[in-house]
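To start, the structure under review is shown below, and the notes come after it.
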Amino acid sequence: MINDRRRNRVLILFAHPAFEKSRVNRRLVDAIKDLEGITFHDLYEAYPELHIRVEREQALLEQHDVVVLQHPFFWYSTPAMLKEWEDLVLQHGWAFGKDGTALQGKKILNAITAGGRESAYQPKGYNHFTIRQLLAPIEQSFRLCGMEYLPPFVAHGTHGMGHEVMDRHADEYRRFIIALRDDTLNWSALAGLERVNADLDALIRDV
């Protein structure tokens with residue numbers, strides 16, 4: 107039984123338009139879907155006609171302390187549904203602007219899969235920018251909403267990724283989500299990291 111002395115309510119906001127073809131995201135989802143105290147919310151499954159229910163989504167956000175945006179890194183950004191979700195759900199007067207304080211103090215991060223290896227996401231690499239730099243518009247959007255943006259969880263090199271590496275990423279993702287839920291992360295050690303799963307052992311506190 108989990109000690110409820112300090113337990114975060116974690117929302118996994120998942121977006122993948124071709125989930126049935128995914129290998130890595132499916133493995134990550136399988137690793138965390140059964141966790142107690144975690145809400146897994148698949149946007150494409152919830153809205154097959156792409157009509158987002160704004161009030162429902164806002165209520166979900168209000169009910170959770172930590173939000174994880176899990177998605178493939180499509181064209182250096184998110185799948186279209188997640189961008190639509192941002193445009194509709196993060197309303198002025200609710201998420202930001204005058205009286206827009208609903209998300210103040212909550213934590214948020216991206217959990218992404220990227221086809222390229224980590225070496226490709228460097229100033230002198232194939233993609234010219236780091237993942238963290240490419241996520242800057244998302245980071246700033248949620249900072250505007252008063253949320254604390256955490257470094258992303260990144261599974262690099264998904265093209266041709268073998269089962270052993272996939273399993274390692276899945277195990278790390280499960281450990282990380284549990285640490286988010288149970289508040290066993292060394293929050294001060296997150297500052298400046300490119301990705302949280304570079305060395306989880308250094309981030310997760312023994313309790």
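Anchor point for the sequence shown: position 175 equals 281 in the numbering used here, and the numbering is continuous, going up by one each time.
Idealized CB from N, CA, C, for every residue including glycine.
8 angstroms contact criterion, which residue i and residue j should meet: CB distance rounded
{"i": "Ala217", "j": "Phe259", "result": "4 angstroms"}
{"i": "Met272", "j": "Val160", "result": "Their Cβ separation, rounded to whole angstroms, is 35 angstroms, which puts Met272 and Val160 out of contact at 8 angstroms."}
{"i": "Trp191", "j": "Leu149", "result": "6 angstroms"}
{"i": "Ile144", "j": "Ile283", "result": "6 angstroms"}
{"i": "Leu194", "j": "Ile158", "result": "5 angstroms"}
Residue i - containing alpha helix (DSSP H), residue span
{"i": "Asp305", "result": "Here Asp305 belongs to no alpha helix (DSSP H), and DSSP marks it neither H nor E."}
{"i": "Gln189", "result": "It should be pointed out that residue 189 corresponds to Lys in this sequence rather than to Gln. Lys189 -> alpha helix (DSSP H) spans Ala186 to Val195."}
{"i": "Ala208", "result": "Careful: Ala208 lies outside any alpha helix (DSSP H) and carries neither H nor E."}
{"i": "Ile138", "result": "Val130 to Ile138"}
{"i": "Leu167", "result": "Val160 to Glu168"}
Nonlocal neighbours in the same chain, by C-beta distance under 7 angstroms from residue i, ignoring five residues either side
{"i": "Glu300", "result": "Thr236, Ile237, Arg238 and Pro257"}
{"i": "His234", "result": "none"}
Span of the beta strand (DSSP E), counted from its first residue to its last, around residue i
{"i": "Leu175", "result": "Val172 to Pro178"}
{"i": "Ile144", "result": "Ile144 to Asp148"}
{"i": "Phe120", "result": "Val116 to Phe120"}
Neighbourhood of residue i by C-beta distance below 6 angstroms, restricted to the same chain and skipping five residues each side
{"i": "Ala276", "result": "Arg133, Leu134 and Ala137"}
{"i": "Gly231", "result": "Ser225"}
{"i": "Gly263", "result": "Arg223"}
Sequence-distant residues of its chain with Cβ nearer than 8 angstroms to residue i (five each side left out)
{"i": "Asp171", "result": "Asn114, Arg115, Val116, Lys212 and Lys213"}
{"i": "Ala308", "result": "Asn292 and Ala295"}
{"i": "Leu156", "result": "Met187 and Glu190"}
{"i": "Val302", "result": "Leu215, Leu256, Pro257, Pro258, Phe259, Phe282, Leu296 and Leu309"}
{"i": "Thr207", "result": "Gly252"}
Exercise. Do the region 232-244 and the region 193-202 touch if we need at least three Cβ pairs shorter than 8 angstroms?
Worked result: With a cut-off of 8 angstroms, the region 193-202 and the region 232-244 do not count as touching, because too few Cβ pairs lie within range.
Exercise. How about the region 218-236 and the region 248-255: do they share at least three Cβ pairs that are nearer than 8 angstroms?
Worked result: No contact exists between the region 218-236 and the region 248-255.
Problem set entry | Whole alpha helix (DSSP H) elements within the region 222-286, 4-residue minimum | Entirely contained in the region 222-286, the alpha helix (DSSP H) runs reaching 4 residues are, in chain order, 237-240 and 242-250.
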